[in-house]
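Participant: Dumping the structure here so I can ask a few things about it.
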Amino acid sequence: MVSTRHHPQEFPPAPKSRSVTPSRSTDSTPSSTNWVHTPTAAVSLWLFISCPLVLWDAGYVLLRPHSMPGGKWHSPIWTPYALYGTVDYIYGWPAYNAHNGFTAAQTYLNLAETAAYLYYLWIVYKYGTPATGASRGSKSQRLWSAFTGERVVGGRTGAIALLVAFSASVMTLSKTILYWVQEYCNGFENIGHNDMWTLIILWIIPNGAWLVFPSWNLHVLGEEIVASLAGGGPREPDRPKAQ
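Here the sequence shown is numbered in UniProt numbering, starting from 1 and rising by one per residue.
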């Protein structure tokens, strides 16, 4: 029978090893760096110009007939519509007297788009920081940098702003295409009476701007979304949402 050796004292307990949790990679990859939305000067400039015009247009439509020629609110705010209403009957007396609801319907959508654009501009102004990393600056400096596209908005706030601007641009472009297509489908009932030069100068060019610039906005904003999704990778199950 083999006897065991007796020690004067028991072996000390093994030191508790600190559990090692594999750390996530901290290298400079798209998935580990802080994402920021960078507004462009072209998009901001278009929104600064188009939003007041859309609100002016909406006021004319929703206040008809008082905003129309002969109405108590027509002059001086909506005087140009005296001419435009003879170019595009959808804005003139023929459509109003026929109770054509398309004019008002597209105006309500215009207001929804404008609200989204104004939200986007407010986010850029309120939460944007200079791309150079300098201080936020005064209110006038923040407004100017938002206008020139020199600010960035990071995290979830920037992502929501980008999504809102992209979605609103889709609405604007789709609605404008519908505006053109409905003229084709009704045999150019509202604009077919114009000569070619009047049609080009007073209808095609002004309405074409709402095709060209929203298309450009979609290109710029869409490229940013695609680049972010392509480089960011899937969110890990235990990873918190961006703040």
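Ideal Cβ placement from N, Cα and C applies to all residues, glycine included.
Within 10 angstroms of its Cβ, does residue 177 collect 16 or more other Cβ (buried), or is it exposed?
Facilitator: Here the question's residue 177 lines up with position 177 in the sequence shown. With fewer than 16 Cβ atoms within 10 Å of its Cβ, residue 177 is classed as exposed.
Participant: Taking buried to mean at least 16 other C-beta atoms within 10 Å of its own C-beta, is residue 46 buried or exposed?
Facilitator: Walking along the sequence shown from the start, residue 46 turns up at place 46. That one is buried.
Participant: Who are the near neighbours of residue 22 in its chain, counting only those whose CB is closer than 6 Å to its CB and skipping five residues on each side?
Facilitator: For this step, residue 22 is matched to residue 22 along the sequence shown. Model confidence at residue 22 stands at a pLDDT of 43, short of 50, so the residue's coordinates are unreliable; what they give is reported in the following sentence. Here the set comprises nothing.
Participant: Does the CB of residue 157 have a neighbour CB from chain C at under 8 Å?
Facilitator: In the structure shown, chain C does not exist; there is a single protein chain.
Participant: By DSSP, does residue 156 sit in helix, in strand, or in coil?
Facilitator: Within the sequence shown, the letter at position 156 stands for residue 156. If DSSP states are grouped into helix, strand and coil, residue 156 belongs with the helices.
Participant: Taking the alpha-carbon positions, what's the residue 186 to residue 192 distance?
Facilitator: Residue numbering aside, residue 186 sits at position 186 when the sequence shown is read from its first letter. Residue numbering aside, residue 192 sits at position 192 when the sequence shown is read from its first letter. If I take the Cα positions, the gap works out to 10 Å.
Participant: The alpha helix (DSSP H) with residue 113 in it runs from where to where?
Facilitator: Taking the sequence shown and counting its residues from 1, one reaches residue 113 at position 113. Where residue 113 is concerned, the enclosing alpha helix (DSSP H) stretches over 102 to 127.
Participant: In this structure, how does DSSP classify residue 37 when only helix, strand and coil are distinguished?
Facilitator: As a first step, residue 37 must be located in the sequence shown, where it is residue number 37. Residue state, collapsed to three classes: strand.
Participant: Does residue 308 pass the burial test, meaning 16 or more other C-beta atoms within 10 Å, or should it be called exposed?
Facilitator: The first residue shown for the chain is 1 and the last is 243, placing residue 308 beyond what the model contains.
Participant: For residue 113, count neighbouring C-beta atoms within 10 Å of its own C-beta (all shown protein chains included) and say buried if the count is 16 or more, exposed if not.
Facilitator: Walking along the sequence shown from the start, residue 113 turns up at place 113. Its Cβ being crowded by 16 or more others within 10 Å, residue 113 is buried.
Participant: Residue 226 to residue 69, Cα distance in whole Å?
Facilitator: Along the sequence shown, one-based indexing puts residue 226 at 226. Along the sequence shown, one-based indexing puts residue 69 at 69. Those two C-alpha atoms are separated by around 48 Å.
Participant: I'd like to know whether the C-beta atoms of residue 159 and residue 123 end up nearer to each other than 8 Å.
Facilitator: Residue mapping note: residue 159 aligns to position 159 of the sequence shown, counting from 1. Residue mapping note: residue 123 aligns to position 123 of the sequence shown, counting from 1. Going by C-beta atoms, residue 159 is not nearer than 8 Å to residue 123.
Participant: Please specify which runs of the alpha helix (DSSP H), each continuous and at least 4 residues long, are wholly inside the stretch 62 to 107, giving them in chain order.
Facilitator: You should have 81 to 87, 93 to 97.
Participant: Ignoring anything shorter than 4 residues or poking outside the stretch 196 to 230, list the alpha helix (DSSP H) runs there in chain order.
Facilitator: Qualifying alpha helix (DSSP H) stretches, in chain order: 196 to 199.
Participant: Suppose the cutoff is 6 Å on Cβ atoms and the five residues either side in sequence are ignored; what does the same chain contact list for residue 134 look like?
Facilitator: Working through the sequence shown from its first residue, we reach residue 134 at position 134. Confidence at residue 134 is low in this model, with a pLDDT of 49, below 50, so the placement of that residue is unreliable and no value is reported for it.
Participant: Helix, strand or coil for residue 51? Go by DSSP, reduced to three states.
Facilitator: Indexing the sequence shown from 1 puts residue 51 at position 51. Looking at residue 51 - three-state DSSP - the assignment turns out to be helix.
Participant: Would you report the Cα separation of residue 166 and residue 103, rounded to the nearest angstrom?
Facilitator: Counted from its first residue, the sequence shown places residue 166 at position 166. Counted from its first residue, the sequence shown places residue 103 at position 103. Near 24 Å, if we compare the C-alpha coordinates of residue 103 and residue 166.
Participant: Out of curiosity, what's the CA-to-CA distance linking residue 121 and residue 57?
Facilitator: Locating residue 121 in the sequence shown gives position 121, counting from the first residue. Locating residue 57 in the sequence shown gives position 57, counting from the first residue. Roughly 20 Å separates the two Cα atoms.
Participant: Less than 8 Å between the beta carbons of residue 173 and residue 211, yes or no?
Facilitator: What you label residue 173 is simply residue 173 of the sequence shown in a count that begins at 1. What you label residue 211 is simply residue 211 of the sequence shown in a count that begins at 1. Against a cut-off of 8 Å, the Cβ pair of residue 211 and residue 173 comes out as a contact.
Participant: How would you call residue 214, buried or exposed, if buried means at least 16 neighbouring beta carbons within 10 angstroms?
Facilitator: Walking along the sequence shown from the start, residue 214 turns up at place 214. Answer is buried; the Cβ neighbour count reaches 16.
Participant: With 16 other CB atoms within 10 Å as the buried threshold, where does residue 61 fall?
Facilitator: One-based indexing of the sequence shown puts residue 61 at position 61. By the 10 Å Cβ count, residue 61 comes out buried.
Participant: Could you give the C-beta distance for residue 71 and residue 65, rounded to a whole number, given that I count them as a contact under 8 Å?
Facilitator: Numbered from 1 along the sequence shown, position 71 holds the residue referred to as residue 71. Numbered from 1 along the sequence shown, position 65 holds the residue referred to as residue 65. Sure, about 5 Å apart at Cβ, within 8 Å.
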